[in-house]
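Engineer:
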Amino acid sequence: MKINLGYACINTELRKNEVYCSRTCRISTLQKDPGILKQLVDDNLRDLMTILEWNDKNDIRLFRMSSQLFPFASHEKWGYSIEPWQEQLKKIGEYARDKKIRITFHPGQYCVLSSEKENVVVNSIRELEHHAEILQRMGCDQNSIMVIHGGSKTPGAMDRFKKNFYRLSVSCQKRLVLENCEMCYKVEDLLPVCHSLNIPLVIDYHHFNINNDIELEFLIPFVLKTWKRRGIKPKFHYSESEPGCGDSLTERRKHSKVVQSLPKNHPEGVDLMIEAKDKEVSIFLLRNNLKI
DNA sequence: GGAAGTCAAGTCTTA
DNA sequence: TAAGACTTGACTTCC
1145 MKINLGYACI NTELRKNEVY CSRTCRISTL QKDPGILKQL VDDNLRDLMT
1195 ILEWNDKNDI RLFRMSSQLF PFASHEKWGY SIEPWQEQLK KIGEYARDKK
1245 IRITFHPGQY CVLSSEKENV VVNSIRELEH HAEILQRMGC DQNSIMVIHG
1295 GSKTPGAMDR FKKNFYRLSV SCQKRLVLEN CEMCYKVEDL LPVCHSLNIP
1345 LVIDYHHFNI NNDIELEFLI PFVLKTWKRR GIKPKFHYSE SEPGCGDSLT
1395 ERRKHSKVVQ SLPKNHPEGV DLMIEAKDKE VSIFLLRNNL KI
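Laid out in structure tokens, this is it:
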């Protein structure tokens, strides 16, 4: 069996040697020394290249970039242009393309397009446009997607999501995909929105296992259609609860250190992002255990 | 140098 | 209505 497995943001082996791409700072530090940002971004981009080279050597061709690559770049007050790093981004993008490493993003929990608060929506739009700009400057193709959740479950949330989706630039719209979550939006809740906006749907198996009503086998064909009609290679997420964790939702939500197995009936040709604390180590374990 | 507390951001629950 | 929990890794402060 051949599955394209990937991991998110941090390479634990390289991290031990201070190679990582999520350096940031506090606003209080920025106020004292605004020039610190350039050094943080330079170091993050340098290490991003190192991580991609490591991925290539280890035949890992799916990687989620950290949203902290450019700290505060989308901040209302402290935001700045990423244009000065165009050359580095282009070079990194060319390398990823050359090595067939699929790059993706997963902006954080504060990115809520369905919020009732206009300022939250405006901040979310700025955040998404920033992520899309990075991918654009890297020259990434349509397979470099940005995954977000449905967000708020207040009345009218999905209508607001749809309305605010059209406030995004076209290049940003083209990269946006939705993911089911364990609290608010199940796969079947998101399918109508994805159909209406013509955006793909990421199945997160872990979230599905915590929050579901319908058999996944029934839903998968509908989900795969959302990718096919856009010509984007499907990607799902997988993680497990910590073995021996309690029954409460809080305990089950936490990701385990490693992933022991693959989801049952995972469809052929769907990339799989492994979301475990031990990151790339989980991929090696899976390859060994399952002879992938 | 290590441990503990804090941090840009949102939403939901509880008091 | 306000405070705290949620989640997570990195920063910052304290001892």
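Under my numbering, read the first sequence as residues 1145 to 1436, first letter to last.
Even glycine gets a Cβ: it sits at the ideal position worked out from N, Cα and C.
Hey, how far is the Cα of residue 1211 from the Cα of residue 1262?
Structural biologist: Each residue's alpha carbon lies about 22 Å from the other.
Engineer: Could you check if residue 1434 is buried or exposed, using at least 16 other CB atoms within 10 Å of its CB as the buried criterion?
Structural biologist: Result: exposed.
Engineer: Once the 5 residues before and after residue 1252 are set aside, which same chain residues still bring their CB inside 7 Å of it?
Structural biologist: Once the five neighbours on either side are set aside, the close Cβ partners of residue 1252 are 1211.
Engineer: Apply the 10 Å Cβ neighbour rule to residue 1327 and answer buried if 16 or more other Cβ atoms are within range, or exposed otherwise.
Structural biologist: It counts as exposed.
Engineer: Apart from the five residues just before and just after residue 1237, which ones in its own chain have a Cβ nearer than 7 Å to its Cβ?
Structural biologist: Counting only Cβ-Cβ distances below 7 Å, and skipping sequence neighbours, we find 1282, 1283, 1284.
Engineer: Nearest-angstrom Cα distance between residue 1354 and residue 1231?
Structural biologist: Cα to Cα, the separation comes out at about 43 Å.
Engineer: Is it right to say residue 1384 is buried, meaning 16 or more other beta carbons lie within 10 angstroms of its own, or is it exposed?
Structural biologist: Looking at its Cβ environment, which holds 16 or more other Cβ atoms inside 10 Å, residue 1384 is buried.
Engineer: Is DSSP giving residue 1159 helix, strand or coil here?
Structural biologist: Helix.
Engineer: By a C-beta neighbour count over all protein chains shown, 10 Å radius and 16 as the cutoff for buried, is residue 1155 buried or exposed?
Structural biologist: That one is buried.
Engineer: Can you look up residue 1152 in the DSSP assignment and give me helix, strand or coil?
Structural biologist: Note: residue 1152 maps to strand in three-state DSSP.
Engineer: Report all residues from its chain with a CB closer than 8 Å to the CB of residue 1234; omit the five preceding and five following residues, and keep chain order.
Structural biologist: Correct list, in chain order: 1281, 1282, 1283.
Engineer: Count the other C-beta atoms from every protein chain shown that fall within 10 angstroms of the C-beta of residue 1124, then say buried if there are 16 or more, exposed otherwise.
Structural biologist: As shown, the chain starts at 1145 and ends at 1436. That puts residue 1124 outside it, with no answer to give.
Engineer: Specify whether the segment 1214–1223 and the segment 1261–1279 touch according to this definition: at least 3 beta carbon pairs, one from each stretch, less than 8 Å apart.
Structural biologist: Enough Cβ pairs lie closer than 8 Å, so yes.
Engineer: What residues in its chain sit with their C-beta under 6 Å from that of residue 1142, if we drop five residues either side in the sequence?
Structural biologist: Outside the shown range of the chain (1145 to 1436) lies residue 1142, about which nothing can therefore be said.
Engineer: Hey, is the segment 1147–1154 in contact with the segment 1403–1421, meaning 3+ C-beta pairs nearer than 8 Å?
Structural biologist: With the cut-off at 8 Å, the segment 1147–1154 and the segment 1403–1421 touch.
Engineer: For residue 1348, write down the residues that DSSP places opposite it in a beta bridge.
Structural biologist: 1381.
Engineer: Return the CA-CA distance between residue 1265 and residue 1432, expressed in angstroms with no decimal places.
Structural biologist: In a straight line, the C-alpha of residue 1265 is about 44 Å away from that of residue 1432.
Engineer: Could you give the distance in angstroms between the alpha-carbon of residue 1335 and the alpha-carbon of residue 1185?
Structural biologist: Straight-line Cα distance between these residues: approximately 37 Å.
Engineer: With C-beta atoms as the reference, is residue 1198 less than 8 Å away from residue 1158?
Structural biologist: In contact: residue 1198 and residue 1158 (Cβ atoms closer than 8 Å).
Engineer: Please state if the CB of residue 1325 and the CB of residue 1274 are separated by a distance shorter than 8 Å.
Structural biologist: For residue 1274 and residue 1325, no; Cβs fall outside 8 Å.
Engineer: So, using beta-carbon positions, are residue 1179 and residue 1286 closer together than 8 Å?
Structural biologist: Not in contact: residue 1179 and residue 1286 (Cβ atoms no closer than 8 Å).
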